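Engineer: Residues in the sequence shown are numbered from 1 upward in steps of one, following full-length UniProt numbering. Sharing a structure here in C-alpha cells format.
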Amino acid sequence: MAEDSAAPSHEQDVNPWSVEGARTETGEVAAIDYEALAKKWNTSLIDQELLERFERVTGHKPHRWLRRGLFFSHRDFEKILTKYEHGEPFFLYTGRGPSTGSLHLGHTIPLQFTKWLQDVFDVPLVFMLTDDEKALFNDQATFEDTLHFAMENARDIIALGFDVKKTFLYSDLKYLGNHFLMNAWEFSRLITFNQVRGAFGFNESSNIGKIFFPSVQCVAAFATSYPEIWTDEPLPVRSQKIADIACLIPMGIDQDPYFRLLRDNAHRMRYPSPKPALIHSKFLTALQGAGGKMSSSNPNSAIFMTDTPKQIKTKINKYAFSGGQVSVEDHRRLGGNPDVDVSYIYLTYFEEDDEKLEKIYNDYKKGDLLTGELKKLAIDVLQENVQQFQERRKLVTDEVLESYMKPRKLEWRGNPNPVPKPPSEEKPEEKGKGKGKGKDKKLVVL
Ligand code: TYM
1 MAEDSAAPSH EQDVNPWSVE GARTETGEVA AIDYEALAKK WNTSLIDQEL
51 LERFERVTGH KPHRWLRRGL FFSHRDFEKI LTKYEHGEPF FLYTGRGPST
101 GSLHLGHTIP LQFTKWLQDV FDVPLVFMLT DDEKALFNDQ ATFEDTLHFA
151 MENARDIIAL GFDVKKTFLY SDLKYLGNHF LMNAWEFSRL ITFNQVRGAF
201 GFNESSNIGK IFFPSVQCVA AFATSYPEIW TDEPLPVRSQ KIADIACLIP
251 MGIDQDPYFR LLRDNAHRMR YPSPKPALIH SKFLTALQGA GGKMSSSNPN
301 SAIFMTDTPK QIKTKINKYA FSGGQVSVED HRRLGGNPDV DVSYIYLTYF
351 EEDDEKLEKI YNDYKKGDLL TGELKKLAID VLQENVQQFQ ERRKLVTDEV
401 LESYMKPRKL EWRGNPNPVP KPPSEEKPEE KGKGKGKGKD KKLVVL
C-alpha cells in the first residue's frame with residue numbers, strides 16, 4: 001500500500017501511486033497479472049459478448065484497445081449500454097494528477113479512449129485536474145507548482161481533441177466550491193478514517209489533506225457537482241433529477257480503489273446517484289519491460305509528449321526491453337519473443353492495422369524480423385503519434401484553454417435513435433417518455 005510500501009512484498013502491488021509486478025524467488029519482476037487483479041478486486045473482465053453488444057447498440061466497431069484486451073475490465077459497463085440504447089442521459093468523467101508539466105504516452109491511453117467514447121456516445125465529459133492531490137502527496141511540490149502543471153497539462157489534454165461543446169475541464173484548486181464542495185463534505189461524513197486507511201494505506205502520520213482527498217476525487221462522479229453544465233441557469237440547490245444522471249469513468253486500473261469506495265457509498269447521499277460504471281485499462285508498460293508502468297517519477301521509463309523524434313529514437317534503442325536473441329544468428333534460428341518485447345507491446349497500442357500487427361508478431365517469432373527492425377517500426381509509429389500531438393498542442397491558445405475551463409452549459413445529443421424501453425422495465429413515472437424520439441432528435445434538454 002502507498003504509505004507502508006517499506007514492508008518487503010513478493011506479491012504484485014497496484015495502487016493509485018505506484019505499480020509493481022510480483023517478485024520471483026530470484027528477485028526478478030514478473031509482468032502484472034491483470035486477471036489476478038480483476039479477481040482480487042472483483043471486477044468483471046470484458047468479454048466477446050460485451051463487445052458484440054457494444055457494436056450492436058452503438059453501431060461502432062470496438063476501439064482497437066478493446067479488441068486487443070488493453071481495456072480489459074469493467075464494472076457495470078453493460079448498464080451504460082442499456083442507458084445509451086434507451087436514450088437516457090449519462091456522462092463521462094476522467095482525470096489527471098498534474099505531477100509534472102507534461103503528459104507521458106501512458107497517460108494518453110485512458111484519455112484518448114475517453115475522447116473516442118465521447119465521440120461514440122455523444123455525451124458530456126467532465127475532466128478533473130487534481131492539482132490539490134499532487135501537492136498533498138508530494139512535499140517537494142508547492143500548490144503553485146501543481147496549479148501551473150495543471151494548466152500545462154490542460155493544454156495537452158485539449159490537444160487530444162475533446163469536443164469543446166461537450167467538455168468541461170477544471171483544476172480542483174480553481175473550481176471546487178458550491179455544490180461540488182457540499183458533496184465532498186457530505187461524502188466525507190459518510191466515510192471513516194478506518195475505511196480510507198484500508199483502501200489507501202494511510203496511517204496516523206498522513207497529513208489530513210490526504211485523508212480528505214478521496215472524497216474530492218469520488219464526488220466528481222456525481223452530476224450534482226456541476227450545476228452549470230446541465231441547464232441554462234444553474235440550479236441554486238442540488239436536485240434528485242440531476243443526481244439520477246449516471247456516470248461512466250474510463251481509467252487505468254490503479255484508480256479503482258477510489259471508485260470502489262464511491263460505489264459502496266453513493267446511495268447514502270441525500271440525493272443519491274447510481275453507482276458509477278467503470279472501464280479499466282492495463283498500463284502502458286515502462287520502457288524497461290513488464291512489471292512496471294510508464295511513470296513520470298522515472299523519466300527513463302517513459303516517453304513524454306514533449307520528447308523530440310531523436311529522444312524517442314534514443315529511448316527505444318537504448319532502453320526498450322527486447323524479446324530478441326543475443327546474436328542475429330540465434331535470432332534467425334530461434335526467433336524472438338514478441339510477448340515481452342516492449343517495442344512490439346507499444347505497436348499493439350499504436351498500430352491500427354490488425355493484419356499488419358499479426359504479421360509483425362509472426363515474423364518476429366519466426367526470426368524473420370530482427371530486433372533492430374522491430375524497434376524501427378515502433379520508433380516510426382511513436383514519432384508520428386507524438387509529432388502530430390505536438391502540432392495540435394501549438395494551436396491551444398489562452399482563449400482555447402479558457403473556453404474548455406469555463407463552467408457553462410454543455411451541449412450534446414446522445415443516441416440519435418433510441419429504442420423505447422419495454423413497458424415492463426419502465427418506472428411508472430417514466431411511462432410514455434421515450435415515445436416519439438427519433439432520427440431528428442434535438443440537443444438533450446434535462
Ligand atoms: P494520473 O495522472 O496518475 O493518471 C492519469 C490517467 O492515466 C492513467 N495512467 C496510465 N494508463 C496507462 N498506462 C500508464 N502507464 C499509465 N499511467 C497512468 C491513470 O490510471 C489515470 O487514468 N488521481 C488521478 C487523477 C484523477 C482520475 C480521476 C483518473 C482524478 N479523477 C478519474 C481517472 C479517473 C491521477 O493522479 O491520475
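Using N, Cα and C, we set each Cβ at its ideal position, and we do this for glycine too. Everything numeric in this text was worked out from a predicted model, so none of it was measured.
For R155, is the beta carbon positioned less than 6 Å from some heavy atom of the ligand TYM?
Structural biologist: Position 155 of the sequence shown, counted from the start, is the residue given in the question as residue 155. The answer is no for R155.
Engineer: Mind checking whether the beta-carbon of I316 lies closer than 6 Å to any heavy atom of the ligand TYM?
Structural biologist: Here residue 316 is taken as the residue at index 316 of the sequence shown, counted from 1. No.
Engineer: May I have the straight-line CA-CA distance separating A246 from K376, to the nearest angstrom?
Structural biologist: In the sequence shown, residue 246 corresponds to position 246, counting from 1. In the sequence shown, residue 376 corresponds to position 376, counting from 1. Computed Cα separation, rounded: 44 Å.
Engineer: Buried or exposed: where does A36 fall if 16 or more other Cβ atoms within 10 Å of its Cβ makes it buried?
Structural biologist: Looking up residue 36 in the sequence shown gives position 36. That one is exposed.
Engineer: At which residue ranges does the segment 67–141 contain complete alpha helix (DSSP H) runs of 4 or more residues, listed in the order of the chain?
Structural biologist: Correct list: 77–85, 108–121 and 131–136.
Engineer: Check whether the segment 370–386 and the segment 301–318 are in contact - that is, three or more C-beta pairs closer than 8 Å.
Structural biologist: They touch, by the three-pair rule.
Engineer: Once you ignore the five residues that flank A154 on each side, which residues in its own chain have a CB closer than 8 Å to its CB?
Structural biologist: Counted from its first residue, the sequence shown places residue 154 at position 154. Excluding positions up to five away in sequence, the list reads L129, L169, S171, L401, Y404 and M405.
Engineer: Quick one: does the C-beta of F187 sit closer than 6 Å to a heavy atom of the ligand TYM?
Structural biologist: Counted from its first residue, the sequence shown places residue 187 at position 187. No, the beta carbon of F187 sits no closer than 6 Å to any heavy atom of the ligand TYM.
Engineer: What separation, rounded to the nearest whole angstrom, lies between the Cα atoms of L261 and L190?
Structural biologist: Working through the sequence shown from its first residue, we reach residue 261 at position 261. Working through the sequence shown from its first residue, we reach residue 190 at position 190. Taking the straight line joining both Cα atoms gives about 10 Å.
Engineer: Residue 455 and H179 look like a contact to me (Cβ under 8 Å); what is the Cβ gap, rounded to whole Å?
Structural biologist: Any question about residue 455 goes unanswered here, given that the chain covers just 1 to 446.
Engineer: How long is the line joining the alpha carbons of L173 and T43, rounded to whole angstroms?
Structural biologist: To locate residue 173, count along the sequence shown from 1; it is residue 173. To locate residue 43, count along the sequence shown from 1; it is residue 43. Cα-Cα distance, rounded: 32 Å.
Engineer: Helix, strand or coil: which one does DSSP assign to H280?
Structural biologist: As a working mapping, residue 280 is identified with position 280 in the sequence shown. Note: H280 maps to strand in three-state DSSP.
Engineer: Check for me: the alpha helix (DSSP H) holding Y258 runs from which residue to which?
Structural biologist: What you label residue 258 is simply residue 258 of the sequence shown in a count that begins at 1. Segment D256 to N265, the alpha helix (DSSP H) holding Y258.
Engineer: Considering only heavy atoms of the ligand TYM, does any lie closer than 6 Å to the CB of residue 448?
Structural biologist: Since the first residue of the chain shown is 1 and the last is 446, residue 448 is not available in this structure.
Engineer: What residues in its chain sit with their C-beta under 6 Å from that of R415, if we drop five residues either side in the sequence?
Structural biologist: Stepping through the sequence shown from its first residue, residue 415 is reached at position 415. Residue identity check: residue 415 is Asn in the sequence provided, not Arg. Here the set comprises Y84 and G87.
Engineer: Using a C-beta cutoff of 7 Å, does T82 count as contacting chain C?
Structural biologist: The structure shown has no chain C; it contains just one protein chain.
Engineer: Just to confirm the assignment, what range does the beta strand (DSSP E) spanning F168 have?
Structural biologist: Your numbering for residue 168 matches position 168 in the sequence shown. First-last of the beta strand (DSSP E) with F168: T167 to S171.
Engineer: Evaluate contact between the segment 302–314 and the segment 379–399, counting only Cβ atoms and requiring at least three cross-stretch pairs below 8 Å.
Structural biologist: The segment 302–314 is in contact with the segment 379–399.
Engineer: Can you tell me whether DSSP reads P62 as helix, strand or coil?
Structural biologist: Walking along the sequence shown from the start, residue 62 turns up at place 62. The answer is coil: DSSP assigns P62 none of H, G, I, E or B.
Engineer: Rounded to a whole number of angstroms, what is the C-alpha to C-alpha distance between W65 and E78?
Structural biologist: Taking the first residue of the sequence shown as 1, we reach residue 65 at position 65. Taking the first residue of the sequence shown as 1, we reach residue 78 at position 78. When rounded, the distance between both Cα atoms is 18 Å.
Engineer: Relative to the C-alpha of L181, which residue among I208, D163 and F222 is closest?
Structural biologist: The residue labelled residue 181 in the question sits at position 181 within the sequence shown. Closest by alpha carbon: F222.
Engineer: With a threshold of 6 Å, establish whether the CB of D131 neighbours any heavy atom of the ligand TYM.
Structural biologist: The residue labelled residue 131 in the question sits at position 131 within the sequence shown. Flag unset: Cβ of D131 not near the ligand TYM.
Engineer: Out of T26, W412, D339 and G198, point me to the one whose CA is closest to D122's CA.
Structural biologist: In the sequence shown, residue 122 corresponds to position 122, counting from 1. Looking at the Cα atoms, W412 is the closest of the given residues.
Engineer: Considering only the alpha carbon of each residue, which of D368, D339 and Y361 lies closest to D330?
Structural biologist: Taking the sequence shown and counting its residues from 1, the one referred to as residue 330 is at position 330. D330 has its Cα closest to that of D368, out of D368, D339 and Y361.
Engineer: Would you mind reading off the limits of the beta strand (DSSP E) that contains K293?
Structural biologist: The residue labelled residue 293 in the question sits at position 293 within the sequence shown. Here the beta strand (DSSP E) through K293 covers G289 to K293.
Engineer: Roughly how far, in whole angstroms, is the beta-carbon of F91 from the beta-carbon of P124, given that I think they are within contact range, below 8 Å?
Structural biologist: Residue 91 sits at position 91 when you count from the first residue of the sequence shown. Residue 124 sits at position 124 when you count from the first residue of the sequence shown. Rounded, the Cβ-Cβ distance is 4 Å, consistent with contact.
Engineer: Quick one: residues in its chain with C-beta nearer than 8 Å to the C-beta of T348, no 5 flanking neighbours on either side, listed in chain order?
Structural biologist: Along the sequence shown, read from residue 1 onward, the residue named residue 348 stands at position 348. Hits under 8 Å: R68, L70 and L357.
Engineer: Among I208, D254 and P274, which has the Cα closest to the Cα of Q240?
Structural biologist: Here residue 240 corresponds to residue number 240 of the sequence shown, with the count starting at 1. The shortest C-alpha separation from Q240 is found at P274.
Engineer: Quick one: does the C-beta of I360 sit closer than 6 Å to a heavy atom of the ligand MG?
Structural biologist: For the structure depicted, the ligand MG is absent and the ligand set comprises only the ligand TYM.
Engineer: Just tell me which of T58, T24 and H74 has its CA closest to the CA of K39.
Structural biologist: Counting from one through the sequence shown, the residue named residue 39 turns up at place 39. Of the candidates T58, T24 and H74, the one whose C-alpha sits nearest the C-alpha of K39 is H74.
Engineer: Any idea if T100 is buried or exposed, counting beta-carbon neighbours within 10 angstroms, 16 or more meaning buried?
Structural biologist: The residue given as residue 100 occupies position 100 in the sequence shown. Classification of T100: buried, given that the 10 Å Cβ count is 16 or more.
Engineer: Give the range of the beta strand (DSSP E) segment to which S18 is assigned.
Structural biologist: Taking the first residue of the sequence shown as 1, we reach residue 18 at position 18. Residues S18 to E20.
Engineer: Would you mind sorting H10 into buried or exposed? The rule is 16 or more other CB atoms within 10 Å of its CB.
Structural biologist: Stepping through the sequence shown from its first residue, residue 10 is reached at position 10. Result: exposed.
Engineer: If we ignore side chains and look at the alpha-carbon of each, how far apart do Q217 and V126 end up?
Structural biologist: As a position in the sequence shown, residue 217 is number 217, starting the count at 1. As a position in the sequence shown, residue 126 is number 126, starting the count at 1. Going from the Cα of Q217 to the Cα of V126 covers about 12 Å.
Engineer: Using the Cα positions of R408 and L105, report the straight-line distance between them to the nearest angstrom.
Structural biologist: Translated into positions along the sequence shown, residue 408 becomes position 408. Translated into positions along the sequence shown, residue 105 becomes position 105. Each residue's Cα considered, the two are about 30 Å apart.
Engineer: Flag this pair as touching only if the segment 137–146 and the segment 112–119 have three or more C-beta atom pairs under 8 Å; answer yes or no.
Structural biologist: Too few Cβ pairs lie closer than 8 Å, so no.
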